[in-house]
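Chains as they are written, first to last, in the working numbering: chain B, 33 to 292; chain P, 231 to 521.
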Amino acid sequence: MNERTHVIRFANVEQTFGRDDGSAVTALEEVTFDIGRHEFLAVLGPSGCGKSTLLRLIAGLIFPTRGTVSIYNMAVTEPRDEIGIVFQRPTLLPWFDVLGNVTFPLRHKYGRVSAADKARARDLLALVGLSDFASKRVDELSGGMQQRVAIARALLLDPDILLMDEPFSALDALTRDEMGFELLRIWSERPKTVLFITHSIPEAVLLADRIIVMTPRPGRVREVIDVNLARPRSIATLSEPAFNALANHIRGQLFTRVVA
Amino acid sequence: MPSPTISAVSSSPASSPEAKTQIDAANSAGKPGRPGVWRTWADRLAPAAAFIVLICVWEGACRLFRIPSYLLPAPSAIVIAGLNVTPAQWVGNIGATLRVALMGYVVAIAVSIPLAVALVSSRLLSRTLYPMIVIVQSTPIVAIAPIIVVTLGASDLPRVFITFLITFFPIVVSTVTGLMATPEELIELSRSLRAGRVREMLHIRLPFAVPFIFSALKISTTLAVIGAVVAEFVAAERGLGFFIMFSTSFFKIPQAFAGLAVLVALSLVLFRLCSLAQRWFVPWSLPKSER
């Protein structure tokens with residue numbers, strides 16, 4: 033497992049943000065880890081541990097105060113096309129139909145959408161299970177369906193890397209479980225390097241190859257856990273002893289006091 | 231400001247027909263076949279009926295208590311006074327007010343929306359211009375209207391400018407609010423695509439501001455009419471504002487009321503047209519119940 037080639041590398045990354053009153057907050061401190069090619073990495077931690085900062089660093093939306101974030105051994109100095117992002121809220125555009133939302137990144141970047149692009153968008157809608165909804169208005173869709181549209185939108189430019197910032201945390205519990213399995217299916221059909229941010233322990237264990245457990249304020253890597261559960265994973269995975277043992281272990285990690 | 235109440239009245243019958251049908255179904259169980267037809271009609275006619283009752287009470291009170299027409303003319307007296315004014319006079323006065331109001335309104339839109347975009351795009355501009363805009367808004371326009379007329383001379387220009395001053399502020403404020411209300415995630419998405427600030431504004435921020443802009447445009451239709459009338463009070467030889475002033479100064483109070491009624495009707499029509507434009511061009515910007 034350790035022989036995998038890394039796609040994303042964090043090396044001693046420190047991130048501080050200036051506040052309006054002049055003081056600084058350290059969001060991340062000495063963060064070092066790699067993400068391998070087509071690896072599914074979950075980042076788990078309480079609120080305020082800088083999880084979303086990790087995502088924004090990879091996306092090139094912000095740059096580290098110290099250390100480097102690199103993709104394919106190149107330091108990230110600007111936003112990159114080969115990254116798809118799915119946010120906690122679907123944030124679809126109400127003035128476009130579903131297909132228009134999926135093709136929006138192309139329209140936004142190049143100003144036009146070709147017939148071939150639309151065909152590709154339809155394929156993606158089929159992939160996320162929304163073939164029949166291409167011309168629906170987005171406010172006619174449920175929250176889970178809207179998030180499927182957001183996933184299709186993130187996949188439009190065929191990115192190598194998929195960044196997901198608590199994508200299912202705004203959904204109800206049943207839809208959330210369903211979306212987890214859907215994501216695994218989509219990921220097996222379109223392998224991507226995935227960074228998946230969550231604060232749900234079962235979700236992280238079910239989905240990920242590895243889990244990074246973070247500490248809060250400042251965010252540090254507390255533990256990196258290999259999830260050696262067989263794939264493909266299914267509902268049966270949830271009742272495996274190894275699944276529960278791992279979840280319990282992480283729970284113990286998160287709920288003991290941090291010794292600095 | 232009459233517009234919010236007007237909008238509530240005019241939109242409520244359209245907004246909840248489903249809810250009413252359910253109530254009807256419950257209430258008219260004894261009338262199979264066409265449940266709720268009577269209720270639906272009652273619902274539609276209720277605003278008009280209330281208005282008619284009000285007019286009747288007004289008319290009755292004027293006759294019963296012999297209120298002199300220079301204090302409060304009866305509705306019938308107002309209608310008669312209105313009919314005594316020649317159609318050509320009406321058309322001339324309405325046309326003059328409408329022209330000033332619409333020109334001021336269009337100028338206000340043309341200035342306000344780009345100004346709002348500039349305010350949102352640049353922190354420096356925002357810090358420099360916003361206080362000035364607030365100062366202009368805080369100045370009682372009625373008080374400086376005579377000065378504006380002196381400065382800009384006797385033409386439509388001062389009247390359009392006064393209308394503009396009264397109209398532009400809500401549009402600026404609402405547009406800025408709308409542009410700032412864009413979800414942060416979409417801005418990040420735009421930046422991650424390196425689409426550029428212009429596309430970010432055109433493809434994301436401005437469309438997101440449309441519901442806010444239309445709220446302001448609706449309010450501003452009535453403000454534009456008010457602006458035109460204020461300008462006509464100060465300096466005009468035509469227009470509904472002038473007509474009301476003129477009628478009052480000759481103690482033709484019923485005629486002044488007729489002018490007022492036409493003015494209200496004009497505001498209502500403009501407000502309605504603006505609502506229809508929104509429903510026609512950008513239906514997604516309306517709440518689901520009002521589409």
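Virtual Cβ for every residue (Gly too), placed ideally from N, Cα, C.
Under 7 Å, Cβ to Cβ, is there at least one residue of chain B near Arg427 of chain P? Here residue 427 of chain P refers to the residue found at position 197 when the second sequence is read from its first residue. Not closer than 7 Å to any Cβ of chain B, the Cβ of Arg427 of chain P fails to qualify, so no.
Under DSSP, the beta strand (DSSP E) around Phe72 of chain B begins and ends at which residues? In the first sequence, counting from the first residue as 1, residue 72 of chain B sits at position 40. Its beta strand (DSSP E) spans residues Phe72 to Leu76.
With 16 other CB atoms within 10 Å as the buried threshold, where does Val160 of chain B fall? For the purposes of this step, residue 160 of chain B is identified with residue 128 of the first sequence, where counting begins at 1. So Val160 of chain B ends up on the buried side.
Please return the same chain residues whose Cβ sits closer than 7 Å to the Cβ of Glu299 of chain B, not counting the five positions on each side in sequence. Outside the shown range of chain B, which is 33 to 292, sits residue 299 of chain B, and nothing can be said about it.
Please state the DSSP three-state secondary structure of Thr231 of chain B. Counting from 1 along the first sequence, the entry for residue 231 of chain B is found at position 199. The sequence given here has His at residue 231 of chain B, not Thr. The answer is coil: DSSP assigns His231 of chain B none of H, G, I, E or B.
Name, in chain order, the residues that DSSP records as bridge partners for Gly116 of chain B. Translated into the one-based positions of the first sequence, residue 116 of chain B becomes position 84. For Gly116 of chain B, which the question treats as bridged, DSSP gives the partners B:Leu194.
Touching or not, the region 118-125 of chain B and the region 179-187 of chain B, by the rule of three or more beta carbon pairs under 8 Å? yes
Output yes if chain B places a C-beta closer than 7 Å to the C-beta of Glu462 of chain P; else output no. Here residue 462 of chain P refers to the residue found at position 232 when the second sequence is read from its first residue. No, its Cβ sits nowhere closer than 7 Å to a Cβ of chain B.
With Gly284 of chain B as the anchor, note down where its alpha helix (DSSP H) starts and where it stops. Within the first sequence, the letter at position 252 stands for residue 284 of chain B. Per DSSP, Gly284 of chain B belongs to the alpha helix (DSSP H) from Pro273 to Phe287.
Could you give the distance in angstroms between the alpha-carbon of His70 of chain B and the alpha-carbon of Thr412 of chain P? Walking along the first sequence from the start, residue 70 of chain B turns up at place 38. Walking along the second sequence from the start, residue 412 of chain P turns up at place 182. About 33 Å.
CA nearest to the CA of Leu382 of chain P, picked from P:Leu275, P:Ala461 and P:Val309: The residue given as residue 382 of chain P occupies position 152 in the second sequence. Of the candidates P:Leu275, P:Ala461 and P:Val309, the one whose C-alpha sits nearest the C-alpha of Leu382 of chain P is P:Ala461.
Is Cys292 of chain P buried or exposed, if buried means 16 or more other CB atoms sit within 10 Å of its CB? As a first step, residue 292 of chain P must be located in the second sequence, where it is residue number 62. Cys292 of chain P is buried by the Cβ-count criterion.
Taking Cβ-Cβ distances shorter than 7 Å, what residues in chain P pair up with Thr123 of chain B? For the purposes of this step, residue 123 of chain B is taken as residue 91 along the first sequence, with counting starting at 1. Those are Pro413, Glu415 and Leu416, listed as they occur along chain P.
Taking a cut of 8 Å between CB atoms, which residues from the region 89-100 of chain B lie near chain C? Annotation note: the requested chain C is absent from the structure, which comprises protein chains B and P.
Touching by the beta-carbon criterion (3+ pairs, under 8 Å), the region 336-344 of chain P and the region 394-409 of chain P: yes
Ala514 of chain P vs Pro126 of chain B beta-carbon contact at 7 Å: Here residue 514 of chain P corresponds to residue number 284 of the second sequence, with the count starting at 1. Here residue 126 of chain B corresponds to residue number 94 of the first sequence, with the count starting at 1. What sits at residue 514 of chain P in the sequence shown is Trp, not Ala. In contact: Trp514 of chain P and Pro126 of chain B (Cβ atoms closer than 7 Å).
Is the region 142-153 of chain B touching the region 72-88 of chain B in the sense that three or more CB pairs, one from each, lie closer than 8 Å? no
Based on Cα-Cα distance, which residue from P:Ile456, P:Arg429, P:Leu355 and P:Arg468 lies nearest to Asp386 of chain P? Position 156 of the second sequence, counting from 1, holds the residue named residue 386 of chain P. Per the Cα distances, P:Arg468.
Please report whether the beta-carbon of Ala279 of chain B lies at a distance below 7 Å from any beta-carbon of chain P. For the purposes of this step, residue 279 of chain B is taken as residue 247 along the first sequence, with counting starting at 1. False, the Cβ-Cβ gap to chain P never drops below 7 Å.
To the nearest angstrom, report how far apart Trp219 of chain B and Val130 of chain B are at their CA atoms. Counting from 1 along the first sequence, the entry for residue 219 of chain B is found at position 187. Counting from 1 along the first sequence, the entry for residue 130 of chain B is found at position 98. C-alpha separation (whole angstroms): 21 Å.
For Pro388 of chain P versus Ile374 of chain P, is the C-beta spacing smaller than 7 Å? Locating residue 388 of chain P in the second sequence gives position 158, where the first residue counts as 1. Locating residue 374 of chain P in the second sequence gives position 144, where the first residue counts as 1. Not closer than 7 Å, so no.
Which word fits Ala259 of chain P, buried or exposed, when buried means at least 16 other C-beta atoms lie within 10 angstroms of its C-beta? Working through the second sequence from its first residue, we reach residue 259 of chain P at position 29. Any reading at Ala259 of chain P is ruled out, since the residue's pLDDT is 44, under 50, leaving its predicted position unreliable.
Thr64 of chain B: first and last residue of the uninterrupted beta strand (DSSP E) it sits in: Along the first sequence, one-based indexing puts residue 64 of chain B at 32. Segment Ala56 to Gly68, the beta strand (DSSP E) holding Thr64 of chain B.
Taking DSSP's pairing of strands, which residues face Ser102 of chain B in a bridge? As a working note, residue 102 of chain B is residue 70 in the first sequence. According to DSSP, which records beta bridges pairwise, Ser102 of chain B is partnered with B:Arg41 and B:Ala107.
Alpha carbon to alpha carbon, how far is Glu418 of chain P from Ala458 of chain P? Looking up residue 418 of chain P in the second sequence gives position 188. Looking up residue 458 of chain P in the second sequence gives position 228. Distance between the alpha carbons of Glu418 of chain P and Ala458 of chain P is about 44 Å.
Lys83 of chain B at chain P interface by Cβ criterion, 7 Å: One-based indexing of the first sequence puts residue 83 of chain B at position 51. It does not: the Cβ of Lys83 of chain B has no partner Cβ on chain P nearer than 7 Å.
Three-state class that DSSP yields for Met424 of chain P in the structure shown: The sequence position of residue 424 of chain P within the second sequence is 194, counting from 1. Residue identity differs from the one stated: residue 424 of chain P is Arg in this sequence, not Met. Looking at Arg424 of chain P - three-state DSSP - the assignment turns out to be coil, as it is neither helix nor strand.
Indicate the three-state DSSP secondary structure (helix, strand or coil) for Thr381 of chain P in the structure shown. In the second sequence, residue 381 of chain P corresponds to position 151, counting from 1. Residue state, collapsed to three classes: helix.
What residues of chain P sit near Asp164 of chain B, judged by a beta carbon separation below 7 Å? Start at 1 with the first residue of the first sequence, and residue 164 of chain B comes out as number 132. Neighbours of Asp164 of chain B on chain P: none; closest Cβ ~21 Å, over 7 Å.
Anything in chain B within Cβ reach of Pro361 of chain P, meaning under 8 Å, just list it in chain order. Here residue 361 of chain P is taken as the residue at index 131 of the second sequence, counted from 1. None at all; the shortest Cβ gap to chain B is about 20 Å.
Backbone secondary structure at Phe213 of chain B - three-state DSSP: Start at 1 with the first residue of the first sequence, and residue 213 of chain B comes out as number 181. Phe213 of chain B: helix per DSSP, three-state reduction.
Cutoff 7 Å; reference Ser102 of chain B; Cβ partners in own chain excluding five residues on either side: Walking along the first sequence from the start, residue 102 of chain B turns up at place 70. Arg41 and Val108, listed in sequence order.
Whose Cβ in chain P lies nearer than 7 Å to the Cβ of Phe119 of chain B? The residue you call residue 119 of chain B lines up with position 87 of the first sequence. Correct list: Glu415.
Is the number of C-beta pairs between the region 472-484 of chain P and the region 292-303 of chain P that are closer than 8 Å three or more? yes
Leaving out the 5 sequence neighbours to the left and right, which residues in its chain are closer than 6 Å to Thr407 of chain P when beta-carbon positions are compared? Taking the first residue of the second sequence as 1, we reach residue 407 of chain P at position 177. Phe442, listed in sequence order.
Taking the alpha-carbon positions, what's the Ile343 of chain P to Ile434 of chain P distance? By one-based count along the second sequence, residue 343 of chain P stands at place 113. By one-based count along the second sequence, residue 434 of chain P stands at place 204. Rounded to whole angstroms, Ile343 of chain P to Ile434 of chain P spans 15 Å at the Cα level.
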